[in-house]
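Trainee: My questions all concern the structure below.
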Amino acid sequence: MQLNTLKPADGARTEPRRVGRGIGSGLGKTCGRGHKGSFARSGKGKIKAKFEGGQMPLIKRLPKVGFRSKLKKDTAEVLSYELDKLEAGTIDFAALRAAKLVPSTAKRAKVVLKGEFSKKFVLKGVLATAGAKAAIEAAGGSVEE
Numbered sequence: 008m009q010l011n012t013l014k015p016a017d018g019a020r021t022e023p024r025r026v027g028r029g030i031g032s033g034l035g036k037t038c039g040r041g042h043k044g045s046f047a048r049s050g051k052g053k054i055k056a057k058f059e060g061g062q063m064p065l066i067k068r069l070p071k072v073g074f075r076s077k078l079k080k081d082t083a084e085v086l087s088y089e090l091d092k093l094e095a096g097t098i099d100f101a102a103l104r105a106a107k108l109v110p111s112t113a114k115r116a117k118v119v120l121k122g123e124f125s126k127k128f129v130l131k132g133v134l135a136t137a138g139a140k141a142a143i144e145a146a147g148g149s150v151e152e
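So the sequence shown is numbered by this note's numbering: it starts at 8 and just counts up by one.
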């Protein structure tokens, strides 16, 4: 094999279309663009995917659904059985962050009831669901908000 004999595979490269080169080329006069309209003009051939010819787009015709809480992304959920792993008698937001149960981006935490725990502790400055609150108090602990 020599460098001067190398050629691309058959069909790998195609000749560019020679438009506007007379009637015999098959792409003379309008150059395959048809007559008039936005697609016949230069630089005007793109239409956005959502455009429906001036009709009110489907995305605007459909109603907005649901409520998107801005607090949701700032609040981290802590499962109640994870609190059993902590040694502290008083659990606050700083203790949860130190134990890596809460990500650094969270501004508040909420305890959600899942599983069981045996330790008695005081939950201070952390939100808790009604079920989690009842479980903590049943175990002999308390919740201070």
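Beta carbons: idealized from backbone N, C-alpha and C, even for Gly.
Using only the alpha-carbon positions, how far apart do M8 and R20 sit?
Mentor: For this step, residue 8 is matched to residue 1 along the sequence shown. For this step, residue 20 is matched to residue 13 along the sequence shown. Going by the C-alpha atoms only, they are around 21 Å apart.
Trainee: Quick check: the Cα distance between K14 and K80, rounded to an integer number of angstroms?
Mentor: The residue you call residue 14 lines up with position 7 of the sequence shown. The residue you call residue 80 lines up with position 73 of the sequence shown. Cα to Cα, the separation comes out at about 57 Å.
Trainee: Report the partner residues of R115 according to the DSSP bridge assignment.
Mentor: Counting from 1 along the sequence shown, the entry for residue 115 is found at position 108. According to DSSP, R115 bridges with T82.
Trainee: At what residue ranges does the region 53-83 contain a whole run of the beta strand (DSSP E), taking only runs of 3 or more?
Mentor: For the region 53-83, not a single whole beta strand (DSSP E) run of length 3 or above is found.
Trainee: If I follow the unbroken alpha helix (DSSP H) through L103, where does it start and stop?
Mentor: Numbered from 1 along the sequence shown, position 96 holds the residue referred to as residue 103. Run containing L103: F100 to A105, per the alpha helix (DSSP H) assignment.
Trainee: In angstroms, rounded to a whole number, what distance separates the CA positions of G61 and S32?
Mentor: Translated into positions along the sequence shown, residue 61 becomes position 54. Translated into positions along the sequence shown, residue 32 becomes position 25. About 37 Å.
Trainee: Taking all protein chains shown into account, do 16 or more other C-beta atoms lie within 10 angstroms of the C-beta of L69, making it buried, or fewer, making it exposed?
Mentor: Locating residue 69 in the sequence shown gives position 62, where the first residue counts as 1. It is exposed - the Cβ of L69 has fewer than 16 other Cβ atoms within 10 Å.
Trainee: Grouping DSSP H, G and I as helix and E and B as strand, with all else coil, what is E152?
Mentor: Reading the sequence shown from its first residue, position 145 is the one you call residue 152. E152 falls in the coil class under three-state DSSP.
Trainee: Might you give, ordered along the chain, the residues of its own chain that have their beta carbon closer than 7 Å to the beta carbon of R24, omitting 5 neighbours on each side?
Mentor: To locate residue 24, count along the sequence shown from 1; it is residue 17. Hits under 7 Å: L34.
Trainee: Compute the distance between the beta-carbons of A113 and A83, then report whether it is under 8 Å.
Mentor: Here residue 113 corresponds to residue number 106 of the sequence shown, with the count starting at 1. Here residue 83 corresponds to residue number 76 of the sequence shown, with the count starting at 1. Against a cut-off of 8 Å, the Cβ pair of A83 and A113 comes out as a contact.
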